[in-house]
């Protein structure tokens, strides 16, 4: 490993310096050990599923921990201090009905590309922010093209699956959404989560058009439920994603604007009206995607919001931490469709404008 002999090393560094160098090298090798040799051994065991989670923020890490606890093999792709903490100390997740603290296999994107093939995994779970979807696809296009592994999107918004389909083909795309969950990184390597943490899965854009990914949908639903994640499948996942956008557009931008959690918003008579108005605007513009959201859909999701635990939305947490907001994926997607249809969405437009400035 060295270009100099051990005798010369002693003469240059001295005994203590040489030992310190060896200790530093040993620590480096422990922290950045060959992921292929360490994590692939885990992937080779008789596990239920082999999953790659791209994005190990609050939501991604919570579901990954649940799946690991359920006996599945999981590799987490992360970066920065959060990645380093997981490599050094493992992952810790605290939920009122679930506690997890153990070593995990966490790597950066370069290590993922070098040490794994796409086909090493049964499913890729995409949990990056919506504004990062296109760039992730671009930087991993060759790696993705070498396999046929299905990709599950667990992201906010109604546009990620379409972006994935254009690159990967519709047969490889599974639509998904996380419902009634708040999960955030409270410190590197440590996650706090609350809520039921339900998941809805479906072939994109629906199971009639896309029969190819239906087996992956059923496989995931069975595995998620067996791992303690309440999961159901949907015939029309695009409709379900739009129903979630009702919630996201209703509370996420508003919570970031006034810096309050969902409990405060839904218990305040003025903000309740603002939420409902923003949700109705989503229902109107959904027709641009040939999606019909009924008044009962709006009322159902509004009731769901009002029954939420008091949680900080992901957009509020991003604002507090100085991170980019998912405005484009949420209120931005509403405004683009409103412009296409030639209609006004004044509540969404005002809140979007105030947050953008």
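Numbering (this note's numbering), first residue to last: 387 to 743.
Glycine included, C-beta positions come from ideal geometry on N, C-alpha and C.
Since we're looking at a predicted model, the values are computed, not measured.
Assuming residue i contacts residue j (C-beta within less than 8 angstroms), just tell me the rounded distance between them.
i           : j           : result
residue 688 : residue 665 : 6 angstroms
residue 517 : residue 639 : Going by Cβ atoms, the distance from residue 517 to residue 639 rounds to 15 angstroms, so no, they are not a contact pair.
residue 509 : residue 435 : 6 angstroms
residue 486 : residue 477 : 7 angstroms
residue 586 : residue 618 : 6 angstroms
residue 561 : residue 623 : 4 angstroms
residue 512 : residue 539 : 5 angstroms
residue 577 : residue 447 : 5 angstroms
residue 458 : residue 438 : So it is not a contact: roughly 11 angstroms between Cβ atoms.
residue 461 : residue 454 : Their Cβ separation, rounded to whole angstroms, is 10 angstroms, which puts residue 461 and residue 454 out of contact at 8 angstroms.
Work out the CA separation of residue j and residue i for me, nearest whole Å.
i           : j           : result
residue 672 : residue 684 : 12 angstroms
residue 481 : residue 637 : 22 angstroms
residue 647 : residue 592 : 33 angstroms
residue 641 : residue 515 : 18 angstroms
residue 742 : residue 645 : 15 angstroms
residue 723 : residue 548 : 15 angstroms
residue 670 : residue 679 : 8 angstroms
residue 694 : residue 544 : 22 angstroms
residue 572 : residue 479 : 10 angstroms
residue 412 : residue 611 : Residue confidence for residue 412 is low, a pLDDT of 46 falling below 50, so the modelled location carries little weight; the figure read from the coordinates is stated next. Residue 412 and residue 611: Cα-Cα distance of roughly 41 angstroms.
residue 542 : residue 582 : 17 angstroms
residue 597 : residue 654 : 45 angstroms
residue 731 : residue 668 : 8 angstroms
residue 660 : residue 690 : 16 angstroms
residue 534 : residue 452 : 25 angstroms
residue 662 : residue 546 : 25 angstroms
residue 736 : residue 643 : 11 angstroms
residue 474 : residue 489 : 8 angstroms
residue 537 : residue 559 : 5 angstroms
residue 674 : residue 717 : 15 angstroms
residue 820 : residue 712 : The chain is shown from 387 up to 743; residue 820 falls before or after that span and cannot be answered.
residue 330 : residue 456 : For residue 330 there is no data in the structure shown, the boundaries of the chain being 387 and 743.
residue 556 : residue 733 : 34 angstroms
residue 504 : residue 682 : 42 angstroms
residue 706 : residue 444 : 15 angstroms
residue 633 : residue 657 : 14 angstroms
residue 525 : residue 704 : 24 angstroms
residue 422 : residue 574 : The pLDDT assigned to residue 422 is 44, lower than 50, so where the model puts this residue is not dependable, and the model offers no usable value.
residue 522 : residue 686 : 34 angstroms
residue 440 : residue 692 : 31 angstroms
residue 676 : residue 588 : 18 angstroms
residue 584 : residue 613 : 12 angstroms
residue 635 : residue 580 : 20 angstroms
residue 590 : residue 652 : 32 angstroms
residue 506 : residue 499 : 11 angstroms
residue 501 : residue 609 : 25 angstroms
residue 701 : residue 715 : 11 angstroms
What residue does the alpha helix (DSSP H) around residue i start on, and which one ends it?
i           : result
residue 519 : 519–525
residue 612 : 600–612
residue 568 : Per DSSP, residue 568 belongs to no alpha helix (DSSP H); it is in the beta strand (DSSP E), 568–573.
residue 631 : 623–644
residue 684 : 681–692
residue 652 : 648–652
residue 671 : 655–671
residue 703 : 700–706
residue 720 : 717–727
Give the range of the beta strand (DSSP E) segment to which residue i is assigned.
i           : result
residue 490 : No beta strand (DSSP E) holds residue 490; DSSP gives it neither H nor E.
residue 735 : No beta strand (DSSP E) holds residue 735; the alpha helix (DSSP H) holding it covers 732–742.
residue 587 : 584–589
residue 579 : 576–580
residue 594 : It is not in any beta strand (DSSP E) - residue 594 carries neither H nor E in the DSSP assignment.
residue 511 : 509–512
residue 500 : From DSSP, residue 500 is part of no beta strand (DSSP E) but of the alpha helix (DSSP H) over 495–501.
residue 709 : Note, residue 709: premise wrong, no beta strand (DSSP E); not H, not E.
residue 678 : Careful: residue 678 lies outside any beta strand (DSSP E) and carries neither H nor E.
residue 438 : 436–440
Inter-stretch contact at 8 angstroms, needing at least 3 Cβ pairs: the region 624–638 / the region 600–608 | Three or more Cβ pairs closer than 8 angstroms define a contact, and the region 624–638 falls short of that threshold against the region 600–608.
Looking at C-beta atoms only, is the number of pairs between the region 490–498 and the region 458–470 that lie closer than 8 angstroms three or more?
-> The region 458–470 and the region 490–498 touch, with three or more beta-carbon pairs separated by less than 8 angstroms.
Can you give, in chain order, each stretch of the beta strand (DSSP E) that sits fully within the region 445–484 and has at least 3 residues?
-> Complete beta strand (DSSP E) runs here, min 3: 459–463, 477–481.
Between the region 694–705 and the region 558–571, do at least 3 Cβ pairs fall closer than 8 angstroms?
-> Cβ pair count under 8 angstroms is three or more, so yes.
Is the region 521–532 touching the region 717–731 in the sense that three or more CB pairs, one from each, lie closer than 8 angstroms?
-> Touching, no.
What are the complete alpha helix (DSSP H) segments, minimum 4 residues, inside the region 528–570?
-> Listed in chain order, they are 546–554.
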